[in-house]
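*Asks:* One structure, as structure tokens, below. Some questions next.
2 protein chains.
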Amino acid sequence: MALLVLKFGGTSVGDVERIKNAASKVAAEVKLGHKVAVVVSAMAGVTDQLINYCRSVTPHPNPREHDAVVSTGENITAGLMALALQQRGLNARSWQGWQVPLRTDSTHNKARIIDINAASLLHHINQGEVAVMAGFQGVTDDNSVTTLGRGGSDTSAVALAAALKADRCDIYTDVDGVYTTDPRIVSNASKLDRVSYPEMLMMASLGAKVLQTRSVEMALRYHVPVQVLSTFGNAIGSELPGTLVTDEDENMEQKSVTGVAYSRNEDKVTLTGIPDTPGKAAAIFSTLARTGIGVDMIVQTASHDGKCTDITFTVAKLDLDRARQTLESERAKIGFADILTDKNMVKLSLVGIGMRSHPGVASLMFETLAAKNINIQAIETSEISIGVLIDESYTELALRALHTAYGLDAE
Amino acid sequence: MALLVLKFGGTSVGDVERIKNAASKVAAEVKLGHKVAVVVSAMAGVTDQLINYCRSVTPHPNPREHDAVVSTGENITAGLMALALQQRGLNARSWQGWQVPLRTDSTHNKARIIDINAASLLHHINQGEVAVMAGFQGVTDDNSVTTLGRGGSDTSAVALAAALKADRCDIYTDVDGVYTTDPRIVSNASKLDRVSYPEMLMMASLGAKVLQTRSVEMALRYHVPVQVLSTFGNAIGSELPGTLVTDEDENMEQKSVTGVAYSRNEDKVTLTGIPDTPGKAAAIFSTLARTGIGVDMIVQTASHDGKCTDITFTVAKLDLDRARQTLESERAKIGFADILTDKNMVKLSLVGIGMRSHPGVASLMFETLAAKNINIQAIETSEISIGVLIDESYTELALRALHTAYGLDAE
């Protein structure tokens, strides 16, 4: 008998029929003898409607009141899920964030979880109840309701699993697992049975939209095994029907590359004609850092005459305009000739803990892209990933070529 | 400078534009120098939608979960109202029932208020904030959310006014006050400037749907002056723009009758051929009382031969079938010939504290109805009311005739 946390996202609880379907998944786990806590998102579309209400009252809603309004969506689903479970003959009870309580800091709209006092909730579970917690929300020390930011219900679920010392956290979603790459682009992408936390973190932050990054960070920190599976497909009780995100094991290192992620979220900035004197790079990046703009890939190119250099880097799409303004205002101090920007970029990343024991991973990547005449504009590496910046129009071509080159195609 | 509680019902906050309009009423009171707490209902239609969600999951929703779901409607409005007030430059904060806290018993769906600890809310008001409390809801000692039953937001508002020792509780609704009778039936019904608590209680429980009965009971108990006024009409700050429900004063007794109420909520039951022996009436009404059926008007008619009697009484429409079944099952014991029922009845009631000092009120009523050939089937009196049961088809005719006879027609 295990203690499980089951999380259902917005499309999984999109209407009353889907809530009933999700309840049948919960009931199946209970029937297998497991103790179960459920975490639910708002019904698909409800959160957007509530956000629109706020914005139609005022263009910049006060974050506290915004959270008070927007968090109601999850409370509705939690109550309905408890009712659906009761309708199936189970004991069940809904828990709003403040009822648990799930304590957060007071950064409304994107609060961070401080702790979950799950004693009372666990007591009810041990009495034979299914606990249904509203995701995405928490409560501050002064009893204000907070929300955790988009996709925060994943984080709620993993945090609850950690607090309960649950055996597994199952994330029910509209895909049946984590794939080697985006199956909409590469039709023979294959589902991964297991993936390590650091790999999943790379894949999540690089654009694979299966799990929110923060939830994976939390799973890693507390060693919570997380299973991603489909509400509409996978059979309950079968061995690993989805993808298990877990601690590394030896088998994982057999392949050099686990998956290929991509992100269209970064724009390229190039500063040209920078005098080739010490401290210039520091001046550029400390200027950006002061205004809260994070920089990702950085490439410095020596000039032909040795007197000046170009520096290329990427910033998040959202920050591009602000980055340009900030640099323009410091142009005289930094000293550069021109700012060039390019929005039509994509970053492709090979991810795999096997890279540590397989040399030659990068060279195969470069050869594969070169064979397709794809120009690499920047490179970034970590212990378990290699990322390249290329022209966005080559995305599909490059993804498919790399997927094949690293032996990831499904048989 | 006064401390006011302003309550806005469902149609007054029916959409975002109406919430903004209600906020303008609040802002006008603040501008006059008043301290203000606001109590809001759910946006019109939202509560019904939430109830329907619950019922489509299960035909008999668990009351606790039902309340958890249904109470979210008021939380949405409270947050949006706070935002609308902030948009007008006011300091404002929403308060959910548990945040106040407004403590209730655990009778979910129709909980009764135990107490309101308004210290924290009052502290915020005294710091210059408008407090916006979600109506209709409270919290039990074990932190479950409760609702107060239909129209419960009126009760929330009066209870908050009592807890704050507010100078007045203004109930904003879609009518501009309390009328001498239903203006949809009697076109020259006139608006009352003042009405006493006991009169309002009679009018409310007899079918004038302006204020929920429980809210008037609470206003009476704590001597909270309650003003009923329209969200869409009355000017702010004018002297008594709506109807003030308050303690009696001498002026109120000048007229014998304050208003004429009607209720279609009662059905007539007649038991015929009851042996005329002691204890029969007791047997009938204790049987009904044991099954929780309340009886209103009672008339006993002696038979011609002196051997048996008929007994006529009224019960709430909802209870009619149950009353019949209960009596049938005890027919042998009670001993009666037949049960006759009539659903086409209406109860008309004259209400007025002036009755106590004006004799002859009842006789004018009977003469007026007789002159229109309207048969009276039962009579009920209290210190400040006289009610008669008549055939429903005479409702309009009788209401107009009585309204004229007692000098209530607007000039």
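Protein chains in written order, with my numbering: chain A, 1 to 411; chain B, 1001 to 1411.
Don't be surprised by glycine CBs; every beta carbon is placed ideally from N, CA and C.
#1: Ala219 (chain A): which of A:Glu17, A:Arg168, A:Leu83, A:Asp142 sits nearest, CA to CA?
#2: Here's the rule: buried if 16 or more other CB atoms are within 10 angstroms of the residue's CB, otherwise exposed. What is Thr291 (chain A)?
#3: By DSSP, does Gly89 (chain A) sit in helix, in strand, or in coil?
#4: What do you reckon, are the CB atoms on Glu199 (chain A) and Ile384 (chain A) nearer than 9 Å?
#5: Is it the case that the region 1086-1096 of chain B contacts the region 1128-1138 of chain B, given that we only count it when at least three CB pairs across the two stretches are under 8 Å?
#6: Is the region 1011-1021 of chain B in contact with the region 1179-1187 of chain B, if contact means three or more CB pairs nearer than 8 Å?
#7: Output the distance between the C-alpha atoms of Gln137 (chain A) and Leu244 (chain A), rounded to the nearest integer angstrom.
#8: Give the DSSP-derived three-state secondary structure of Pro1359 (chain B) in the structure shown.
#9: Using alpha carbons as the reference points, say which of B:Trp1095, B:Gly1294, B:Glu1248, B:His1403 lies closest to Gly1354 (chain B).
#10: Does Leu6 (chain A) come out as helix, strand or coil in the three-state DSSP assignment?
#11: Which residues mark the beginning and the end of the beta strand (DSSP E) in which Thr381 (chain A) is found?
#12: Would you say Cys54 (chain A) reaches chain B, if we count a Cβ-Cβ gap shorter than 9 Å as a contact?
#13: For Glu29 (chain A), report the span of its beta strand (DSSP E) as first-last.
#14: Kindly indicate the opening and closing residues of the beta strand (DSSP E) around Lys1035 (chain B).
#15: Helix, strand or coil for Lys347 (chain A)? Go by DSSP, reduced to three states.
#16: Taking the alpha carbon of Thr368 (chain A) as the reference point, which residue from A:Arg356, A:His358, A:Thr381, A:Leu350 has its own alpha carbon closest?
#17: According to DSSP, is Ser1322 (chain B) helix, strand or coil?
#18: Run through chain A and tell me which residues come within less than 8 Å of Gln1254 (chain B), C-beta to C-beta.
#19: Please report the distance separating the alpha-carbon of Val269 (chain A) from that of Phe313 (chain A).
#20: Starting from Lys1280 (chain B), trace the alpha helix (DSSP H) both ways and give me its first and last residue.
#21: Compare the C-beta of Gln87 (chain A) against all C-beta atoms of chain B and say whether one is closer than 9 Å.
#22: So, is Ala37 (chain A) buried or exposed, given that buried needs 16 or more other C-beta atoms within 10 angstroms?
#23: Taking the C-alpha atoms as reference points, what is the distance between Ser382 (chain A) and Pro225 (chain A)?
#24: Can you have a look at Ser329 (chain A) and say buried or exposed, based on whether 16 or more other CB atoms are within 10 angstroms of its CB?
#25: How do the region 1283-1298 of chain B and the region 1313-1325 of chain B stand: do at least 3 beta-carbon pairs fall below 8 Å, yes or no?
#26: Taking the alpha-carbon positions, what's the Lys209 (chain A) to Glu1065 (chain B) distance?
#27: What is the residue span of the alpha helix (DSSP H) that Gly1152 (chain B) lies within?
#28: Going by CA-CA distance only, name the one from B:Thr1258, B:Val1013, B:Gly1149, B:Ser1024 that's closest to His1358 (chain B).
#29: What are the residues that DSSP puts in a beta bridge with Pro1275 (chain B)?
#30: Given a limit of 7 Å on CB to CB distance, which residues of the region 1130-1148 of chain B reach chain A?
#31: Beta strand (DSSP E) containing Ala189 (chain A): first to last residue?
#32: Is Gly387 (chain A) helix, strand or coil when you go by DSSP?
#33: Considering Met1297 (chain B), what are the terminal residues of the beta strand (DSSP E) in which it resides?
#34: So, do the region 103-118 of chain A and the region 1072-1079 of chain B have three or more beta carbon pairs nearer to each other than 8 Å?
#35: Could you give the uninterrupted runs of the beta strand (DSSP E) lying entirely in the region 108-155 of chain A, keeping only those of 3 residues or more?
#36: With distances taken from CA atoms, which of B:Asp1142, B:Ala1084, B:Pro1063, B:Asn1265 is nearest Leu1102 (chain B)?
*Replies:* On the basis of the coordinates in this document:
#1: Closest in alpha carbon position to Ala219 (chain A), among A:Glu17, A:Arg168, A:Leu83, A:Asp142, is A:Arg168.
#2: exposed
#3: coil
#4: When the beta-carbon positions are compared, Glu199 (chain A) and Ile384 (chain A) come within less than 9 Å of each other.
#5: With three or more CB-CB distances shorter than 8 Å, the region 1128-1138 of chain B counts as touching the region 1086-1096 of chain B.
#6: Pairwise C-beta distances place the region 1011-1021 of chain B out of contact with the region 1179-1187 of chain B, as fewer than three of them are shorter than 8 Å.
#7: 25 Å
#8: coil
#9: It is B:Glu1248.
#10: strand
#11: Taken as a continuous stretch (DSSP letters only), the beta strand (DSSP E) holding Thr381 (chain A) covers 378-382.
#12: yes
#13: Note, Glu29 (chain A): premise wrong, no beta strand (DSSP E); alpha helix (DSSP H) at 16-31.
#14: In this chain, the beta strand (DSSP E) harbouring Lys1035 (chain B) covers 1035-1040.
#15: strand
#16: A:Leu350
#17: Looking at the sequence shown, residue 1322 (chain B) is not Ser but Arg. Correct three-state label for Arg1322 (chain B): helix.
#18: Correct list: empty, because the minimum Cβ distance to chain A is about 47 Å.
#19: 5 Å
#20: Taken as a continuous stretch (DSSP letters only), the alpha helix (DSSP H) holding Lys1280 (chain B) covers 1280-1290.
#21: yes
#22: buried
#23: 24 Å
#24: Exposed.
#25: yes
#26: 33 Å
#27: Where Gly1152 (chain B) is concerned, the enclosing alpha helix (DSSP H) stretches over 1152-1164.
#28: B:Thr1258
#29: B:Cys1308
#30: Asn1143
#31: That residue, Ala189 (chain A), is in no beta strand (DSSP E); it is neither H nor E in DSSP.
#32: strand
#33: 1295-1302
#34: no
#35: 113-116, 129-134, 137-139, 145-147
#36: Closest by alpha carbon: B:Asp1142.
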